[in-house]
Amino acid sequence: MSIICVIGTGYVGLVTGTCLADMGNSVTCVDILPEKIEKLKQGILPIYEPGLEEMVERNVRAGRLHFTTSYSEGLDNAEFIFIAVNTPTGTSQGSADMRYVESAARSIAKGLDHHAIIINKSTVPVGSGDVVTRIIRANLERTDVSFAVVSNPEFLREGAAVQDFL
């Protein structure tokens with residue numbers, strides 16, 4: 005069993021976190037929107053995906069899936085940290101607005117106090133891993149912390165996302 009943090013509870017983050025919990029991992033999903041986290045804690049999902057609601061309920065009940073607005077709670081002992089935040093279309097054609105990814109990277113840096121692998125699942129341009137690495141390195145509060153950033157883009161089809169992930 006691994007300890008996993010998933011940042012973002014939208015489509016990609018919620019499916020990723022829930023499926024990883026269903027595989028037996030301990031998963032904490034972090035989101036900056038308190039109302040979204042409160043609804044998730046009540047079992048009210050922001051998206052519909054066949055089988056997801058039951059899977060969330062089962063894993064919350066089993067103590068493998070948690071929801072919080074606290075980065076420090078989510079990052080606590082996490083071996084793997086997934087960035088699964090929104091990447092809206094940028095101002096120029098074909099570009100991505102990276103502000104949420106960059107904000108997540110800064111928040112990770114402020115709370116990271118142990119080695120971790122950071123996995124970018126958000127839909128981002130080539131080279132974004134280098135950007136995330138630079139942001140984390142520049143904002144780390146402890147210089148003795150090692151980390152690696154990898155990319156694992158999502159390829160989930162709506163209506164089959166749980167099945168695609170598993």
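Here the numbering used here = 1-based position in the sequence shown + 4. For glycine and all other residues, C-beta sits at the position ideal for the given N, C-alpha and C. Remember, it's a predicted structure, so these values are computed and weren't measured experimentally.
Problem - Of the listed residues SER6, SER107, LEU160, nearest to LYS36 (C-alpha basis) - result: To locate residue 36, count along the sequence shown from 1; it is residue 32. Note that residue 36 is Ile in the sequence shown, not Lys. Ranking the options by Cα distance to ILE36, first place goes to SER107.
Handout entry: Whole-Å CB distance - SER76 paired with VAL105, under 8 Å assumed
Key = Your numbering for residue 76 matches position 72 in the sequence shown. Your numbering for residue 105 matches position 101 in the sequence shown. Not quite, the Cβ-Cβ distance comes to about 20 Å (not below 8 Å), so this is no contact.
Problem - Through-space distance from ILE51 to THR22, alpha-carbon basis - result: The residue given as residue 22 occupies position 18 in the sequence shown. The residue given as residue 51 occupies position 47 in the sequence shown. For THR22 and ILE51, the distance between alpha carbons rounds to 13 Å.
Problem - Test item: CB-CB of LEU24 and ILE8 under 7 Å - result: Position 20 of the sequence shown, counting from 1, holds the residue named residue 24. Position 4 of the sequence shown, counting from 1, holds the residue named residue 8. The answer is yes: Cβ separation under 7 Å.
Exercise for the section: Would you identify the three-state DSSP class for THR72, choosing helix, strand or coil? Expected result: Mapped onto the sequence shown, residue 72 falls at position 68. Strand.
Problem - GLU83 to SER150 span [Cα, whole Å] - result: Along the sequence shown, read from residue 1 onward, the residue named residue 83 stands at position 79. Along the sequence shown, read from residue 1 onward, the residue named residue 150 stands at position 146. Those two C-alpha atoms are separated by around 12 Å.
Practice task
Indicate whether ILE85 and ALA109 have their beta-carbon atoms separated by less than 7 Å.
Solution key: The residue labelled residue 85 in the question sits at position 81 within the sequence shown. The residue labelled residue 109 in the question sits at position 105 within the sequence shown. Taking 7 Å as the Cβ cut-off, ILE85 and ALA109 do not qualify as a contacting pair.
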